[in-house]
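Encoded as structure tokens, the structure appears first; notes follow it.
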Amino acid sequence: MDTKLTIVVPVYNEEDNLERVEKELSAYAQSAKIPVFVLFVNDGSKDKSQELIEKICANSDIFNFVSFAENRGLSAAIKAGFDETTTSLVGYIDSDLQTTPSDFDLLLEHIGEYDLVTGVRANRKDSFVKNMSSKIANGIRRTFTKDGMDDTGCPLKIIKTDYAKRIPMFKGLHRFLPAMILLQEGKVKQVPVQHFPRIAGEAKYGLWNRLLGPLMDCFAYVWMKKKYINYSIAKKG
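What follows is the structure, given as structure tokens:
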């Protein structure tokens, strides 16, 4: 399969951001070293997001979309993006654009050797409470997973698609993507990326989602790790 990248963009009530998303991802697709496509996954938005998404997709060959019948959460949106991807690489960025598409280039420099490359938000532009709860949650997660990652919540990642499609997703698993690649005996790497304040729209996650929720998910991960089936085929006849 030729090296091409599909960027998955989960959307939930982000009508105020989508024009900027179109502009920045279109600009990145023109400058990227490999062909880039964008897949919106509308997670049951109740605003005008779907109307705007369809307009964007009608005006450009690089944009496509999947729209849920109802809100199912970020992990479901990311899984749907993985399931629909047909390129050899799949990326992920949030529609709030607190990370920049141009930093995908930093991740692409390493994806040949690694199976997942994730950003680490340098000089984060979030509130004190959000930064501290994220730091604590990442520490708890590392204790359980031993994945060595400092910032799995960073919404900028690239994964080899065959690995991404084998991830058995459940709610909250978007925080465990590096750990799930390691379960497949893949290689992971983190790279510092830029971070920006949210310009429009509202954050969808509170203290429960960033701290207490991930703690509960850790126990689900430990159970999955014990039950996980991993094999490689040596020969077919």
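Residue numbers (the UniProt record's numbering): 1 to 237. Cβ coordinates follow ideal geometry from the N, Cα and C atoms, glycine included. Since the model is a prediction, treat every value here as computed from it, not as a measurement.
Option in the options with minimal Cα separation from residue i
i, options, result
"arginine 121", "Leu106, Tyr114, Glu113", "Leu106"
"glycine 73", "Asn13, Glu113, Glu84, Ala27", "Asn13"
"arginine 166", "Phe37, Ser95, Leu182, Cys154", "Leu182"
"phenylalanine 104", "Glu15, Asn17, Pro197, Gln190", "Gln190"
"serine 67", "Phe196, Gly81, Ser60", "Gly81"
"proline 192", "Glu15, Asn123, Ile34, Ala69", "Asn123"
"threonine 161", "Thr87, Gln194, Val36", "Thr87"
"proline 35", "Asn17, Ile62, Gln194", "Ile62"
"glutamate 70", "Ser95, Asn42, Met169", "Asn42"
"residue 239", "Leu18, Gln194, Asp2, Ile159", "Shown here, the chain extends from 1 to 237; a query on residue 239 therefore has no answer."
"phenylalanine 37", "Asn17, Leu18, Asn64, Val11", "Asn64"
"tyrosine 114", "Gly186, Ala32, Thr100, Cys218", "Gly186"
Buried/exposed call for residue i, threshold 16 Cβ in 10 Å
i, result
"leucine 215", "exposed"
"threonine 118", "buried"
"phenylalanine 40", "buried"
"glutamate 51", "exposed"
"glutamine 30", "exposed"
"proline 155", "buried"
"asparagine 230", "exposed"
"lysine 235", "exposed"
"alanine 164", "buried"
"glutamate 15", "buried"
"lysine 157", "buried"
"phenylalanine 128", "In this prediction, phenylalanine 128 has a pLDDT of 49, which is less than 50 and means its spatial position is unreliable; nothing more can be read from the coordinates."
"aspartate 217", "buried"
"glycine 206", "Residue confidence is low: glycine 206 scores 49 on pLDDT, short of 50, so the model does not pin down where it sits. Its coordinate-derived value is still stated next. Glycine 206 should be labelled exposed."
"phenylalanine 219", "exposed"
Bridge partner(s) assigned by DSSP for residue i
i, result
"arginine 121", "Val193"
"proline 101", "Note: proline 101 sits in no beta bridge, so no partner."
"serine 67", "Asn42"
"valine 21", "For valine 21, which the question treats as bridged, DSSP gives no partner whatsoever."
"isoleucine 159", "Val90, Leu116"
"valine 36", "Leu5"
Cβ shell of residue i (< 7 Å), same chain only, five flanking positions each side left out
i, result
"glycine 237", "none"
"proline 178", "Leu116, Thr118, Asp147, Met149, Thr152, Val188"
"serine 60", "Ser26"
"serine 102", "Tyr28"
Chain-order list of residues whose beta-carbon lies under 6 Å from that of residue i (same chain, five-residue window excluded)
i, result
"leucine 173", "Ser75"
*Three or more C-beta pairs closer than 8 Å, one from the segment 76 to 83 and one from the segment 46 to 54: is that the case here?*
no
*Are three or more beta carbon pairs between the segment 225 to 234 and the segment 147 to 154 nearer than 8 Å?*
no
*asked:* When you compare the segment 85 to 98 with the segment 2 to 22, are there three or more beta-carbon pairs, one atom per stretch, that lie closer than 8 Å?
replied: yes
*Using 8 Å as the Cβ pair cut-off and three pairs as the minimum, do the segment 15 to 35 and the segment 54 to 63 touch?*
yes
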